[in-house]
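What follows is a short report on a single structure.
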Amino acid sequence: MTIDQLVSDLNELIRFLAYRNIAELSKEAFENKYGKKKIETLVLAGNGLPYTSEVIANSYRQGLVDKIILTGGVGHTTDLLRELMANHPIYQKIDATNKSEAELFQEMLVQYESIPATAIFIETTSTNGGENAMEARKVIESVMEVPEEILLIQDPTMQRRADACFRKYFANTKIINYAPFIPLVEKKGMEVCFKETKGVTHWEMTRFLSLVMGEFPRLADTPEGYGPNGQKFQAYVKIPHSVEAAYLRIKERYPTVGRK
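Using numbering that gives the first Met the number 0, you'd call the opening residue of the sequence shown number 0 and step up by one each time.
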């Protein structure tokens, strides 16, 4: 496999994983696609990227959402979140010790993004994507009617899987996905590097490749996967042939790469 082929295949996977139903978060985009200028409820699924708090804050300040649901206890991304917060020019002021992901995002939004605490509802027990969706539903049912639409935001490498989990637990709700950024790559010399996109500096390339490749065994509707014919954590995900082919080519080159 050439570097050019690797870049092309990796971008094929990234575009699939970093799922968006809407091109941008704006009143115009919502109205053009859904006939309304706002979506009442936004859910942030637990993740390790402080940048997602900025996306949420901008959505609230634009009047795109009224209520913010934050999910996430202590899971596999919590240490990354704490590490990145410690190196963040603003969020480093937050004491992250012994706090859940939802609590940390709540502090970012309230203390440093000026989002009113009354607009935010959290759960602090979920440790994986299926639990994020299940616990988010419990929180929503405790404070409001289950909405017709939910704006869902997650780490872009996990957005597709988050959608599948939320579709399982919110079968009668339209899930509007918005990956906060799309971390495309390019060739520089003989290296694969990120394109200049806000948010991508959170990862080393080897870590990023592992995250991306680790998603596909989970998405596949196989006995080992997370779908209806596997562990039943999520709804069915249709993986296009071009995406599957790109995954298999990269897997052939890097047979041991993938998040455990």
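Where is the CB? At the ideal position from N, CA and C, for every residue including glycine.
Item, Value
"What whole-angstrom Cβ distance do serine 141 and glycine 45 have, given they're in contact under 8 Å?", "At roughly 18 Å, the Cβ-Cβ gap does not stay under 8 Å, so serine 141 and glycine 45 are not in contact."
"Residue range of the alpha helix (DSSP H) that threonine 51 falls in?", "50-60"
"Exposed or buried, what is glycine 62 when buried is set at 16 or more other beta-carbons lying within 10 Å of its beta-carbon?", "exposed"
"Considering only residues of the stretch 52-139, which uninterrupted beta strand (DSSP E) runs meet the minimum length of 3 residues and lie entirely inside it, listed in chain order?", "66-70, 119-122"
"Under 7 Å Cβ to Cβ from isoleucine 55, same chain only, skipping five residues before and after it: list those, please.", "Leu41, Leu43, Ile67, Leu108, Ile152"
"Is it the case that the Cβ atoms of arginine 159 and alanine 28 are separated by a distance below 9 Å?", "no"
"When the Cα of leucine 103 is compared with those of Pro182, Met84, Asn31, Glu251, which residue comes out closest?", "Met84"
"Isoleucine 93 to proline 222, Cα distance in whole Å?", "42 Å"
"Decide if glutamate 30 is buried, meaning its Cβ has at least 16 other Cβ atoms within 10 Å, or exposed.", "exposed"
"As an exercise, report each continuous beta strand (DSSP E) stretch of at least 3 residues that is fully enclosed by the stretch 169-211, in chain order.", "173-176, 184-187, 190-193"
"Whose C-beta lies closer than 6 Å to the C-beta of alanine 135 among residues of the same chain, with five residues either side of it excluded?", "Val42, Ile68, Thr70"
"State buried or exposed for isoleucine 89, treating a residue as buried only when at least 16 other CB atoms are found within 10 Å of its CB.", "exposed"
"Is it buried or exposed for lysine 187, if we count other Cβ within 10 angstroms and need 16 for buried?", "exposed"
"Would histidine 201 be called buried (16 or more neighbouring beta carbons within 10 Å of its own) or exposed?", "buried"
"Who are the near neighbours of glycine 74 in its chain, counting only those whose CB is closer than 8 Å to its CB and skipping five residues on each side?", "Gly45, Glu100, Ser125, Thr126, Asn127"
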